[in-house]
Every structure is written in C-alpha cells, then in structure tokens.
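Residue numbers (our numbering): 504 to 722.
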C-alpha cells in the first residue's frame, strides 16, 4: 500500500473506518493451503503449497493469509467488522510504522504515537509491548474512539525507540493425523524463538524501549 493511501468513511454510518479494520467478505485461507516443508536451514517448518515471498515477514515468520476487499480507490471496502483486525494490514502498518487509521506515515518529529487500552499495560513496567500499530497525531482520537480495544480511554505513548519484538498467532503441530492447529493465546512469541517455524502469525508486536507517557490533549 502506498503512502498516499487514506482511510475511507463507512457509507452506512459515516464513521471513519480505520485502515486495519477487517471487512465483511474478507476470509482466512483454508488449512489445506498449509504444508510441511524444509526451511533454508534444512529443518522442517510450516509453509504454503504455493508460498510467495510476501507470505513471510522480514524475519522469515509465516503469516496467515486473508483475502482483502479492495475498492477502485485502492482502499478496503465493505461492512466493517469493528472488533477484528486484518492481519496483512496490521502487519503493514506495524512493520512500516504507518498510522492504523489512514495508513500514512506515523513518524512525527518527536516520536511515534502508540495507544494501549485501559489496563493493557503498565507504563511503570520495564517492558512495554503492543500489537496496536501506531497512529498519526491527526487520527489518535479517531483510533481511541472507534477501537473497542481502546475503549476511548487509552494510555498514550510517545516512543523514541520501538523495535520489533515478535508475533501473536497460532502454533501448529505435525503428527500422524497431519497438521493440527493448537490453542492460540495473546502472548507474543519473540523473534528468534525456535517454535516460530511451526507458527502462523496474525499480529506483529513492537517493544517500546524509550518513551514518554502523554495524553491525547498533548497532541
């Protein structure tokens, strides 16, 4: 998606729909599309039968495929599914530090803005991780109001350093019965973990390493 992409309003409600929001008609790929293959190191790993370069992120982790309903303007279209996030668009915004609402660059001069839901993280903790892509100053309030996860009362982080940490998704195992999905959790698996070879990612996570806690009114 190019940097000129902007979010679109939902015709039914006139609400601005965040770019990462899943839309009706967007469906994940079938389990049958997955297979066991040998990785670059010769070890077995999870893969796709017709795997493409874009199926893996910059760290080589396999991502779940999901169709996209894109309009003539190049933007997602269809009824928004407000509590669901599209994995490819979440990955795009998180990896490239683009605003989760408009998909423009979210790199203002003084730091990158990340929002966390009430009780999700404790700013006083030494390690703060988030799967929420950043927001630009213009759309911080929009994200806070429209994202059910943020509940209109987010903790606002202005981050000077936020390196990639890992991914959230679904682990798989291979047995005599074939490939089987195991129970997914919201815990992120860090990049470099050996279990990632049997993992299908759905959300990218960053670690906020240097930040200041501010309010929406400070933006």
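Yeah, the Cβ is synthetic: ideal placement off N, Cα and C, and Gly gets one too. Quick caveat, the model's predicted, so the values are computed rather than measured.
Problem set entry | Neighbourhood of residue 593 by C-beta distance below 7 Å, restricted to the same chain and skipping five residues each side | 523, 636, 706, 707
Exercise. What does a CB cutoff of less than 8 Å around residue 616 pick up in its chain, not counting 5 residues either side in sequence?
Worked result: 609, 637, 638, 639, 640, 643, 659, 660, 661, 662, 722
Exercise. Under a Cβ-count criterion, where at least 16 other Cβ atoms within 10 Å of its own Cβ denotes burial, should residue 537 be classed as buried or exposed?
Worked result: buried
Exercise. Beta strand (DSSP E) containing residue 684: first to last residue?
Worked result: 681-684
For this session: Could you please give me the residues that DSSP links to residue 524 through a beta bridge?
Result: In the DSSP assignment, residue 524 forms a beta bridge with 588.
For this session: Would you mind sorting residue 597 into buried or exposed? The rule is 16 or more other CB atoms within 10 Å of its CB.
Result: Label assigned to residue 597: buried.
Exercise. Should residue 702 and residue 588 be called a contact, given that it needs their Cβ atoms to be closer than 8 Å?
Worked result: no
For this session: Return the chain-ordered list of same chain residues with a C-beta closer than 7 Å to the C-beta of residue 546, the five sequence neighbours on each side being excluded.
Result: 700
Exercise. The alpha helix (DSSP H) with residue 644 in it runs from where to where?
Worked result: 643-649
Problem set entry | Reference residue 704, options 518, 590, 579, closest by Cα | 590
Problem set entry | Nonlocal neighbours in the same chain, by C-beta distance under 6 Å from residue 694, ignoring five residues either side | 562, 669
For this session: In angstroms with no decimal places, state the Cα-to-Cα distance between residue 646 and residue 569.
Result: Here the C-alpha atom of residue 646 lies approximately 23 Å from the C-alpha atom of residue 569.
Exercise. Which residues bound the beta strand (DSSP E) around residue 547?
Worked result: 547-551
Exercise. Three-state secondary structure (DSSP) at residue 697?
Worked result: In this structure, residue 697 counts as helix in the three-state DSSP scheme.
Exercise. Which residues in the same chain have their Cβ closer than 7 Å to the Cβ of residue 655, if we skip the five residues on either side of it in sequence?
Worked result: Same-chain partners within the cutoff: 647, 648.
For this session: Report the three-state DSSP secondary structure of residue 535 (helix, strand or coil).
Result: helix
Exercise. Hey, how far is the Cα of residue 720 from the Cα of residue 665?
Worked result: 22 Å
Exercise. For residue 594, which three-state DSSP category applies?
Worked result: In the three-state scheme derived from DSSP, where H, G and I count as helix and E and B as strand, residue 594 is classed as helix.
Problem set entry | C-beta atoms of residue 583 and residue 520 nearer than 8 Å | yes
For this session: Assign residue 678 to buried or exposed, taking buried as 16 or more other Cβ atoms, counted over all protein chains shown, within 10 Å of its Cβ.
Result: exposed
Exercise. What span of residues does the beta strand (DSSP E) with residue 618 cover, start to end?
Worked result: For residue 618, the enclosing beta strand (DSSP E) covers residues 615-619.
Exercise. Checking contacts by CB at 8 Å: is residue 545 closer than that to chain B?
Worked result: As a matter of chain content, chain B is missing from the structure shown, which is built from one protein chain.
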